[in-house]
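Peer 1: Using full-length UniProt numbering, read the sequence shown as starting at 1 and increasing by one per residue. A virtual CB, placed ideally from N, CA and C, is assigned to each residue, including glycine. Every value quoted in this text rests on a predicted model; they were computed, and no experiment measured them.
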Amino acid sequence: MSIDFVAFEVPGARTYHGNALPYGLHVQGAGESPPPVAESAAALRELAESGRLQELLDRHGAVLLRGFGHPSVKTFSDLICAAEEGRGYHPFEQIGGASPIAHSANVYDRVKAEIPELVDEIHKRDLGMKMIFRGPGKESKVNSFNWAGKFSFGQELVPGDDEVTTRQKVEKQVRRLTHDFKWNEDGSLELTQHIPGLRRVPSSGRPVWFNGLVGRHGITRDIGALDPPYIGRDGMTYLPCVYGDETPIPREYLDKLIDATDKEEI
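#1: Tell me which residues share the same chain as Leu266 and place their Cβ nearer than 6 Å to its Cβ, disregarding the 5 neighbours each side in the sequence.
#2: Should the region 212 to 229 be regarded as contacting the region 157 to 176, the criterion being three or more beta carbon pairs within less than 8 Å?
#3: For Ser33, is the classification buried or exposed, using 16 other Cβ atoms within 10 angstroms of its Cβ as the cut-off for buried?
#4: Using the C-alpha atoms, what's the distance from Ile95 back to Arg59?
#5: When DSSP labels each residue in this structure, what does Asp255 get in the three-state scheme?
#6: Do Ala43 and Ile80 have their C-beta atoms closer together than 8 Å?
#7: The alpha helix (DSSP H) spanning Arg233 covers which residue range?
#8: Are the Cβ atoms of Leu198 and Ile122 separated by less than 8 Å?
#9: How would you write the range of the alpha helix (DSSP H) that Asn146 sits in, first residue to last?
#10: Where does His26 fall in DSSP's three states?
#11: State whether the region 124 to 137 contacts the region 192 to 208, with contact taken as three or more CB pairs (one from each stretch) at a distance under 8 Å.
#12: Provide the residue span of the alpha helix (DSSP H) that contains Asp109, from first to last.
#13: Just to confirm my understanding: we take Asn143, look at its own chain, exclude 5 residues before and 5 after, and list those with CB closer than 8 Å. What are they?
#14: I need the boundaries of the beta strand (DSSP E) containing Gln193, first residue and last residue.
#15: Pull up the distance between the alpha-carbon of Asp186 and that of Ala148, whole angstroms please.
#16: When you compare the CB positions of Leu157 and Lys141, do they come within less than 8 Å of one another, or not?
#17: By Cβ distance, which residues of its chain are closer than 8 Å to Tyr230, with the 5 residues on each side in sequence left out?
#18: Among the candidates Pro207, Gly12, Gly31, whose CA atom is the shortest distance from the CA of Asp120?
#19: Mark Leu177 as exposed unless 16 or more other C-beta atoms lie within 10 angstroms of its C-beta, in which case mark it buried.
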């Protein structure tokens, strides 16, 4: 059976630089009924292997596929596996839900237009993403996370390690992430990751907004930890957002950033 993919307009899609986000493709077989799933998957794999699917993703940022019929978990899995394996893929954890999306290049354009000072400062100074990990036995009541856990920096710790050995092992793991860290008097571990904050798409050269400022500031604001001592209602410490030289980022910029990003969400 001959199967084609026909473009269609997605309700609610937006146009950026002449390209729709998301771009819609509808599968079309010889008859009126949806083609068999196996044949649709084979056609989708062929589209991906040709490089055409990747070209559409690079141009539009997202592709919405419709018309396959046979709704089931297996159908979805077969189609997505065909598309991802066909274009070359990197497996992701099978978690998540119905999250909004936004094109990072379009977010950059909006932030540049609405908060140019923030973009200019990040260009000059980069970003410093600060985190603090409490010591064992000093966790918050609702979060048992600390620096000694196997999901933080305690992978090599064993019962009986003295304080010097413990810190040496922890610091070894920390240095895999950053060399900018310190031990506080209360036994907590404070570290800073230095990141660019702005990057470019290799295929097009377009600048993209690529950092966690929105999430960091949004969580800190919503949990009530914006002011000293920066402890939220959950008892956890949330350090302020700073530039790479540790200069605080004005709260006004961060509030505007959340609003700008919200406008780009689909």
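Peer 2: Quick look at the numbers:
#1: Residue numbering aside, residue 266 sits at position 266 when the sequence shown is read from its first letter. According to the sequence displayed, residue 266 carries Ile and not Leu. Same-chain partners within the cutoff: Ile101.
#2: Fewer than three beta-carbon pairs drawn from the region 212 to 229 and the region 157 to 176 are found closer than 8 Å, and the two stretches are therefore not classed as touching.
#3: Your numbering for residue 33 matches position 33 in the sequence shown. Burial call: exposed.
#4: As a working mapping, residue 59 is identified with position 59 in the sequence shown. As a working mapping, residue 95 is identified with position 95 in the sequence shown. C-alpha of Arg59 to C-alpha of Ile95: approximately 27 Å in a straight line.
#5: In the sequence shown, the residue the question calls residue 255 occupies position 255. In this structure, Asp255 counts as helix in the three-state DSSP scheme.
#6: Taking the sequence shown and counting its residues from 1, the one referred to as residue 43 is at position 43. Taking the sequence shown and counting its residues from 1, the one referred to as residue 80 is at position 80. Contact: no.
#7: Here residue 233 corresponds to residue number 233 of the sequence shown, with the count starting at 1. From DSSP, Arg233 is part of no alpha helix (DSSP H); its letter is neither H nor E.
#8: Here residue 198 is taken as the residue at index 198 of the sequence shown, counted from 1. Here residue 122 is taken as the residue at index 122 of the sequence shown, counted from 1. Cβ distance < 8 Å, so Leu198 and Ile122 count as in contact.
#9: Residue numbering aside, residue 146 sits at position 146 when the sequence shown is read from its first letter. First-last for Asn146: undefined, no H or E at that position.
#10: Sequence index remark: in the sequence shown, residue 26 carries index 26 (1-based). Here DSSP, grouped into helix, strand and coil, assigns His26 to strand.
#11: The region 124 to 137 is in contact with the region 192 to 208.
#12: Translated into positions along the sequence shown, residue 109 becomes position 109. It spans 104 to 114 - the alpha helix (DSSP H) in which Asp109 sits, taken as one unbroken run.
#13: One-based indexing of the sequence shown puts residue 143 at position 143. Closer than 8 Å at the Cβ level, and outside the excluded window around Asn143, lie Asp234, Gly235, Met236.
#14: Counting from one through the sequence shown, the residue named residue 193 turns up at place 193. It spans 189 to 195 - the beta strand (DSSP E) in which Gln193 sits, taken as one unbroken run.
#15: Counted from its first residue, the sequence shown places residue 186 at position 186. Counted from its first residue, the sequence shown places residue 148 at position 148. Asp186 and Ala148 have their C-alpha atoms some 15 Å from each other.
#16: Taking the sequence shown and counting its residues from 1, the one referred to as residue 157 is at position 157. Taking the sequence shown and counting its residues from 1, the one referred to as residue 141 is at position 141. The Cβ atoms of Leu157 and Lys141 do not sit closer than 8 Å to each other.
#17: Taking the first residue of the sequence shown as position 1, residue 230 is located at position 230. Same-chain partners within the cutoff: Thr220, Thr237, Tyr238, Leu239, Pro240.
#18: Residue numbering aside, residue 120 sits at position 120 when the sequence shown is read from its first letter. Checked all of Pro207, Gly12, Gly31; the closest Cα to Asp120 is Pro207.
#19: By one-based count along the sequence shown, residue 177 stands at place 177. Leu177 is exposed by the Cβ-count criterion.
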